[in-house]
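Q: Here it is, the structure in full.
2 protein chains.
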Amino acid sequence: MSKKSIYKPRPVSGFPEFLPEIRRIEQQWLDIIREKFELYGYCSIETPSIEELAVIEAKSDGGDDADKEIYVLERLHKEDGDKEARLALHFDQTVPLARYTAQHFNDLVFPFKRYQMQRVWRGERPQAGRFREFRQCDIDVINVDHLPLHFDAEMPAIIWETLSSLPGMDGEKFQIQISNRKILIGLLEGLGVENIPEITRWIDKLDKLPKDQIANELKNSGLSQNDIQKIWDTIEKSDQLQSITALNETMKEGIEELQFVMNGLSHLPEGAVVADLSIVRGLDYYTGTVYETRFTDDPDYGAICAGGRYNDLASHYINKKLPGVGISIGFSRLFDKLLKKQKFIDLKISPADVLITLPNEESRSSVSQLATQLRQRGIKVEQYHAPQKFGKQLSYAEKKGIPYVWFPDTNEVKNMKTGEQSKADTSTWKP
Amino acid sequence: MSKKSIYKPRPVSGFPEFLPEIRRIEQQWLDIIREKFELYGYCSIETPSIEELAVIEAKSDGGDDADKEIYVLERLHKEDGDKEARLALHFDQTVPLARYTAQHFNDLVFPFKRYQMQRVWRGERPQAGRFREFRQCDIDVINVDHLPLHFDAEMPAIIWETLSSLPGMDGEKFQIQISNRKILIGLLEGLGVENIPEITRWIDKLDKLPKDQIANELKNSGLSQNDIQKIWDTIEKSDQLQSITALNETMKEGIEELQFVMNGLSHLPEGAVVADLSIVRGLDYYTGTVYETRFTDDPDYGAICAGGRYNDLASHYINKKLPGVGISIGFSRLFDKLLKKQKFIDLKISPADVLITLPNEESRSSVSQLATQLRQRGIKVEQYHAPQKFGKQLSYAEKKGIPYVWFPDTNEVKNMKTGEQSKADTSTWKP
Numbered sequence: 007m008s009k010k011s012i013y014k015p016r017p018v019s020g021f022p023e024f025l026p027e028i029r030r031i032e033q034q035w036l037d038i039i040r041e042k043f044e045l046y047g048y049c050s051i052e053t054p055s056i057e058e059l060a061v062i063e064a065k066s067d068g069g070d071d072a073d074k075e076i077y078v079l080e081r082l083h084k085e086d087g088d089k090e091a092r093l094a095l096h097f098d099q100t101v102p103l104a105r106y107t108a109q110h111f112n113d114l115v116f117p118f119k120r121y122q123m124q125r126v127w128r129g130e131r132p133q134a135g136r137f138r139e140f141r142q143c144d145i146d147v148i149n150v151d152h153l154p155l156h157f158d159a160e161m162p163a164i165i166w167e168t169l170s171s172l173p174g175m176d177g178e179k180f181q182i183q184i185s186n187r188k189i190l191i192g193l194l195e196g197l198g199v200e201n202i203p204e205i206t207r208w209i210d211k212l213d214k215l216p217k218d219q220i221a222n223e224l225k226n227s228g229l230s231q232n233d234i235q236k237i238w239d240t241i242e243k244s245d246q247l248q249s250i251t252a253l254n255e256t257m258k259e260g261i262e263e264l265q266f267v268m269n270g271l272s273h274l275p276e277g278a279v280v281a282d283l284s285i286v287r288g289l290d291y292y293t294g295t296v297y298e299t300r301f302t303d304d305p306d307y308g309a310i311c312a313g314g315r316y317n318d319l320a321s322h323y324i325n326k327k328l329p330g331v332g333i334s335i336g337f338s339r340l341f342d343k344l345l346k347k348q349k350f351i352d353l354k355i356s357p358a359d360v361l362i363t364l365p366n367e368e369s370r371s372s373v374s375q376l377a378t379q380l381r382q383r384g385i386k387v388e389q390y391h392a393p394q395k396f397g398k399q400l401s402y403a404e405k406k407g408i409p410y411v412w413f414p415d416t417n418e419v420k421n422m423k424t425g426e427q428s429k430a431d432t433s434t435w436k437p
Numbered sequence: 007m008s009k010k011s012i013y014k015p016r017p018v019s020g021f022p023e024f025l026p027e028i029r030r031i032e033q034q035w036l037d038i039i040r041e042k043f044e045l046y047g048y049c050s051i052e053t054p055s056i057e058e059l060a061v062i063e064a065k066s067d068g069g070d071d072a073d074k075e076i077y078v079l080e081r082l083h084k085e086d087g088d089k090e091a092r093l094a095l096h097f098d099q100t101v102p103l104a105r106y107t108a109q110h111f112n113d114l115v116f117p118f119k120r121y122q123m124q125r126v127w128r129g130e131r132p133q134a135g136r137f138r139e140f141r142q143c144d145i146d147v148i149n150v151d152h153l154p155l156h157f158d159a160e161m162p163a164i165i166w167e168t169l170s171s172l173p174g175m176d177g178e179k180f181q182i183q184i185s186n187r188k189i190l191i192g193l194l195e196g197l198g199v200e201n202i203p204e205i206t207r208w209i210d211k212l213d214k215l216p217k218d219q220i221a222n223e224l225k226n227s228g229l230s231q232n233d234i235q236k237i238w239d240t241i242e243k244s245d246q247l248q249s250i251t252a253l254n255e256t257m258k259e260g261i262e263e264l265q266f267v268m269n270g271l272s273h274l275p276e277g278a279v280v281a282d283l284s285i286v287r288g289l290d291y292y293t294g295t296v297y298e299t300r301f302t303d304d305p306d307y308g309a310i311c312a313g314g315r316y317n318d319l320a321s322h323y324i325n326k327k328l329p330g331v332g333i334s335i336g337f338s339r340l341f342d343k344l345l346k347k348q349k350f351i352d353l354k355i356s357p358a359d360v361l362i363t364l365p366n367e368e369s370r371s372s373v374s375q376l377a378t379q380l381r382q383r384g385i386k387v388e389q390y391h392a393p394q395k396f397g398k399q400l401s402y403a404e405k406k407g408i409p410y411v412w413f414p415d416t417n418e419v420k421n422m423k424t425g426e427q428s429k430a431d432t433s434t435w436k437p
């Protein structure tokens, strides 16, 4: 073999990877989220990592900001005559869901309740909580023509239960904020405002910019002092919805829907969810309920969970009216936050329950038998690989954090934490 | 909203996706594989879906056939001054493992026993059992300087146990074939053959082409009739290794190693593994033990599992000797085969254990309470979403295959299979 030059690899910015002990916690998180989603009868789907670029472009109507972030695939060495459709990595799980629902429309049972937990890719500038490859955990329900409002209340209940049960989330302060876009839009329509999207975009920034600055911007956008005051008054009544006077049917609908949703969440602990009429969500396709979840002690970090209701999921791909409601956990953003806060330090778990030592080469096959017996009982067993000094074998268990070491010659098991050592029986011993 | 044109989506060749009932079986498979790998103390890692192109090219030494299949990423709208390293989707999990091991060398405990179950991408022509996006389930162990042979026997044991426990694999005939490249290479060296890689490539085709044709090709490559006969004689003695006369130290080592590995697998059922000296594996980096698993009744389908031992995993990225042994389940290929054989038809399972009907709008909150109680006991519960006629609610359960329906007004549960209906208690009922 000729001498090769060495290319020293380095981390690629925006594409995180973890050491085994952190990966293990990540896997635990994924398991818990999946378990919670399934407890509510949602089924899993996964879609290819790619979509035809035409599918994505049908959705984005071109010119979208998100377009810049799309990664397209090229074969390293293209052959002449390659005339295949251009493919792009999906940048969220909503476009794939819309495409999937349209494509498999005749084979799905509606309401179609699905969860989806995959990687997505965006070629944006990496920064705190923003990655180029990251995981989202989405849950959506879609129906034909009409979808009961009951589901709008189910989403935050699932999310609350899920986020609260993730290892490391104890002591973290977060809150699910809920609004209904019909309220603000009805209000602005009632006030005769014309550039509603521009106005709502400013209101959406209330958690980031000083209120005075927003007021100024609203004024510059043509709102009167009186209009602005009406907006502030309405938002301030977030926690007393019944006291808001609806200016029109849209606003009335919004208030009633939001009240229905909040009533459906009364079983959650105090402060878990809150109505907050300043929540707008940037994406224009939301038409009713909107959700946002942030760390209350670090609201600038960005939403760790967001979603809402949309009137029509897949109109770009199928001539059916498919209303839905969904919510997405920004898994990587949430996980990274707790990782940086060192919340996982005490959670590191060994990949094995017990290490069986190897006294000598001759005992290898009896050690294997012992290992097999324990594995049949669901115990995770690592056999030490070489007949080295016991000190070395013990120190391996210690380095890997394996909690027990089994000495097969005496059938004694050592608890690595307490140092205690006692006789053990293969058919009854438990880690 | 302006009227939009509809883009009717179509499946993208080589990028499979499944309906929820098949996806559920796929997830079961992934769970079982992971469980088995963990029973042996292997830890999970995942790496980004991409690598720097420089990392892949350091490995492939350019000019490789696989290069053509590499997908590189391009941002759809590149900005001027983009000077980032080129990124490519990984086409296997071995290059990422090598890079990972080199990069995190100081933070890993050796022997480093890891499993990895991710998607990989190859821009090749889709055909039976070959996809452009597919899953591999890899298990490898890597050590510094020296790795005990014991691990070469552990791999097929894990694989046998894993493949045998996958739903739908009952009645499927497959066999793990094992060889050691030192035997054939030692033999060819002993015979004074010079173009060994060319010769082994032909021998590797013994399962696909008639023996006479291979003999002819070997003759064309310069081997004498006598040499060819010696090769045939050796291969025929695959099941009586001790009767093979070693021509040199390499061949002797190979025979001893293969015997050690086969002895370590004697606990497996008759026919599960077999020594087969015609197994070579295409990849040149294997240096000892090699594995291959095919369907015995459809050997042309391609290997559903393959691997082997390598002397030096990461010499392209780090100046350390890192021998290893590993094996990879071609998950998508295997899964697709059983799917096409309709082996999953009886396995389809509902995402929910029980559907609770909704008698009327007023009972929604008491139904939600009932659902919560059952979920707290780990039961997967779907609430019917609207107070429709019971017939409609029952037919929904039937379409989704939900096995039980709970009527909250009488607290009776109907078994959808038998039609039986009986009283049920929320604190004791089980699906």
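From first to last, the protein sequence lines are chains A and B.
Everything in the first sequence is counted per this note's numbering, starting at 7 for the first residue and increasing by one.
Everything in the second sequence is counted per this note's numbering, starting at 7 for the first residue and increasing by one.
Yeah, the Cβ is synthetic: ideal placement off N, Cα and C, and Gly gets one too.
Going by DSSP in three states, M257(A) sits in which element: helix, strand or coil?
A: Locating residue 257(A) in the first sequence gives position 251, where the first residue counts as 1. Correct three-state label for M257(A): helix.
Q: Looking at K214(B): is its Cβ nearer than 8 angstroms to the Cβ of M257(B)?
A: Stepping through the second sequence from its first residue, residue 214(B) is reached at position 208. Stepping through the second sequence from its first residue, residue 257(B) is reached at position 251. Not a contact, by the Cβ cut-off of 8 angstroms.
Q: Going by C-alpha to C-alpha distance, which of L361(A), I56(A), Q248(A), I333(A) sits closest to D144(A)?
A: Indexing the first sequence from 1 puts residue 144(A) at position 138. It is I333(A) whose Cα lies nearest to the Cα of D144(A).
Q: Tell me which same chain residues have a C-beta within less than 7 angstroms of the C-beta of A108(A), skipping the five on either side of it?
A: Position 102 of the first sequence, counted from the first residue, corresponds to residue 108(A). Same-chain partners within the cutoff: A320, Y323, I324.
Q: Name the chain B residues whose beta carbon is nearer than 8 angstroms to that of R105(A)?
A: What you label residue 105(A) is simply residue 99 of the first sequence in a count that begins at 1. In chain order: P15.
Q: With 9 angstroms as the limit, tell me which residues of the segment 132–160 of chain A have their beta carbon closer than that to any beta carbon of chain B; keep them in chain order.
A: Residues R138, E139, V147, N149, H152, L153, P154, H156, F157, A159, E160.
Q: Would G294(A) be called buried (16 or more neighbouring beta carbons within 10 Å of its own) or exposed?
A: Looking up residue 294(A) in the first sequence gives position 288. Buried, since its Cβ has 16 or more Cβ neighbours within 10 Å.
Q: Got a sec, what are the start and stop residues for the beta strand (DSSP E) W412(A) sits in?
A: Taking the first residue of the first sequence as position 1, residue 412(A) is located at position 406. Counting along the chain, the beta strand (DSSP E) containing W412(A) begins and ends at 410–413.
Q: Measure from the alpha carbon of M123(A) to the alpha carbon of each residue in L212(A), S50(A), K423(A), then state which is nearest.
A: Residue mapping note: residue 123(A) aligns to position 117 of the first sequence, counting from 1. When only C-alpha atoms are compared, the closest one is S50(A).
Q: Going residue by residue through the segment 303–363 of chain A, where are the continuous beta strand (DSSP E) segments of at least 3 residues, counting only ones entirely within it?
A: For the segment 303–363 of chain A, whole beta strand (DSSP E) runs of length 3 or above, ordered along the chain, are 311–316, 330–335, 360–362.
Q: Could you tell me which chain A residues have their CB closer than 7 angstroms to the CB of T240(B), listed as they occur along the chain?
A: Locating residue 240(B) in the second sequence gives position 234, counting from the first residue. Those within 7 angstroms of T240(B) in chain A number zero; the least Cβ separation is about 26 angstroms.
Q: State the beta-bridge partners of N186(B) as determined by DSSP.
A: Mapped onto the second sequence, residue 186(B) falls at position 180. T295(B), per the DSSP bridge assignment.
Q: Less than 8 angstroms between the CB atoms is what I'm expecting for I58(A) and A104(A), so what's the real figure, rounded?
A: As a position in the first sequence, residue 58(A) is number 52, starting the count at 1. As a position in the first sequence, residue 104(A) is number 98, starting the count at 1. Ile is not the amino acid found at residue 58(A); the sequence shown has Glu there. Actually they do not touch by this definition, with Cβ atoms about 13 angstroms apart.
Q: Would you check if the distance between the CB atom of Y402(B) and the CB atom of I362(B) is smaller than 8 angstroms?
A: What you label residue 402(B) is simply residue 396 of the second sequence in a count that begins at 1. What you label residue 362(B) is simply residue 356 of the second sequence in a count that begins at 1. In this structure, I362(B) does not lie closer than 8 angstroms to Y402(B) by Cβ.
Q: Return the first residue and the last residue of the alpha helix (DSSP H) that N226(A) is part of.
A: Locating residue 226(A) in the first sequence gives position 220, counting from the first residue. Counting along the chain, the alpha helix (DSSP H) containing N226(A) begins and ends at 217–226.
Q: Do you know whose CA, among K386(B), K420(B), G384(B), lies nearest L400(B)'s CA?
A: By 1-based counting over the second sequence, the position of residue 400(B) is 394. Nearest option by C-alpha distance: K420(B).
Q: If contact means a Cβ-Cβ distance below 9 angstroms, which residues of the segment 278–307 of chain A contact chain B?
A: So the list is empty, because no residue satisfies the distance condition.
Q: Could you list the residues in the segment 91–119 of chain B with a C-beta less than 8 angstroms from some C-beta on chain A, going in chain order?
A: From the segment 91–119 of chain B, only A91, L93, A94, L95, R105, Y106, A108, Q109, H110, D113, L114, V115, P117, K119 have a Cβ closer than 8 angstroms to chain A.
Q: With a Cβ-Cβ cutoff of 8 angstroms, do I202(B) and I191(B) count as a contact?
A: Stepping through the second sequence from its first residue, residue 202(B) is reached at position 196. Stepping through the second sequence from its first residue, residue 191(B) is reached at position 185. Yes. Within cutoff.
Q: Answer yes or no: does any C-beta atom of chain A fall closer than 8 angstroms to that of T53(B)?
A: By 1-based counting over the second sequence, the position of residue 53(B) is 47. Interface residue, yes.
Q: Is it right to say R370(B) is buried, meaning 16 or more other beta carbons lie within 10 angstroms of its own, or is it exposed?
A: Counted from its first residue, the second sequence places residue 370(B) at position 364. With 16 or more other Cβ atoms within 10 Å, it is buried.
Q: From P15(B) to H110(A), what distance separates their C-alpha atoms?
A: In the second sequence, the residue the question calls residue 15(B) occupies position 9. In the first sequence, the residue the question calls residue 110(A) occupies position 104. Using only the alpha carbons, I get a separation of about 10 angstroms.
Q: Excluding five sequence neighbours on each side, which residues of the same chain lie with their C-beta closer than 6 angstroms to the C-beta of Q427(A)?
A: The residue given as residue 427(A) occupies position 421 in the first sequence. For Q427(A), where only same-chain residues beyond five positions count, the Cβ hits under 6 angstroms are E418, K420.
Q: Using 8 angstroms as the threshold, is the C-beta distance between F31(A) and L340(A) below it?
A: The residue labelled residue 31(A) in the question sits at position 25 within the first sequence. The residue labelled residue 340(A) in the question sits at position 334 within the first sequence. Just to set this straight, residue 31(A) is Ile in the shown sequence, not Phe. No; because the gap between Cβ atoms is not below 8 angstroms, this pair is not in contact.
Q: Taking its Cβ as the centre, do 16 or more other Cβ atoms sit within 10 Å of D359(B), making it buried, or is it exposed?
A: Along the second sequence, one-based indexing puts residue 359(B) at 353. Counting Cβ neighbours within 10 Å, D359(B) comes out buried, since at least 16 surround it.
Q: Can you pull the chain C residues whose beta carbon is under 8 angstroms from the beta carbon of D73(A), in chain order?
A: Here the protein chains are A and B, and chain C is not one of them.
Q: Cα-Cα, which of L95(B), D158(B), F97(B), L364(B) is closest to Y297(B)?
A: Position 291 of the second sequence holds residue 297(B). Ranking the options by Cα distance to Y297(B), first place goes to D158(B).
Q: Using beta carbons (cut-off 8 angstroms, strictly below), is P203(B) in contact with chain A?
A: Translated into the one-based positions of the second sequence, residue 203(B) becomes position 197. No - not a single Cβ of chain A is within 8 angstroms of the one on P203(B).
Q: Check each residue of the segment 321–339 of chain B: if its Cβ is closer than 8 angstroms to any Cβ of chain A, include it; give the result in chain order.
A: Cβ contacts with chain A come from S321, H322, Y323, I324, N325.
Q: When you compare the CB positions of S55(A) and E263(B), do they come within less than 8 angstroms of one another, or not?
A: Stepping through the first sequence from its first residue, residue 55(A) is reached at position 49. Stepping through the second sequence from its first residue, residue 263(B) is reached at position 257. For S55(A) and E263(B), no; Cβs fall outside 8 angstroms.
Q: Report the residue from F413(A), S356(A), P305(A) whose alpha carbon sits nearest the alpha carbon of T178(A).
A: By one-based count along the first sequence, residue 178(A) stands at place 172. What sits at residue 178(A) in the sequence shown is Glu, not Thr. Out of F413(A), S356(A), P305(A), P305(A) has the C-alpha closest to the C-alpha of E178(A).
Q: Leaving out five residues before and five after L344(A) in sequence, what residues of the same chain have Cβ atoms less than 6 angstroms from its Cβ?
A: By 1-based counting over the first sequence, the position of residue 344(A) is 338. Same-chain partners within the cutoff: G174.
Q: Would you please verify whether the beta carbon of E44(B) is less than 8 angstroms from any beta carbon of chain A?
A: As a working note, residue 44(B) is residue 38 in the second sequence. Chain A contact via Cβ: present.
Q: Hey, does R125(A) have any beta-carbon neighbour from chain B nearer than 8 angstroms?
A: Counting from one through the first sequence, the residue named residue 125(A) turns up at place 119. Chain B contact via Cβ: present.
Q: Helix, strand or coil for M161(B) per DSSP?
A: Against the second sequence, residue 161(B) aligns to sequence position 155. In this structure, M161(B) counts as helix in the three-state DSSP scheme.
Q: For chain B, is any of its Cβ atoms less than 8 angstroms away from the one on K420(A)?
A: For the purposes of this step, residue 420(A) is taken as residue 414 along the first sequence, with counting starting at 1. No, K420(A) lies away from the interface with chain B (no Cβ there is under 8 angstroms from its Cβ).
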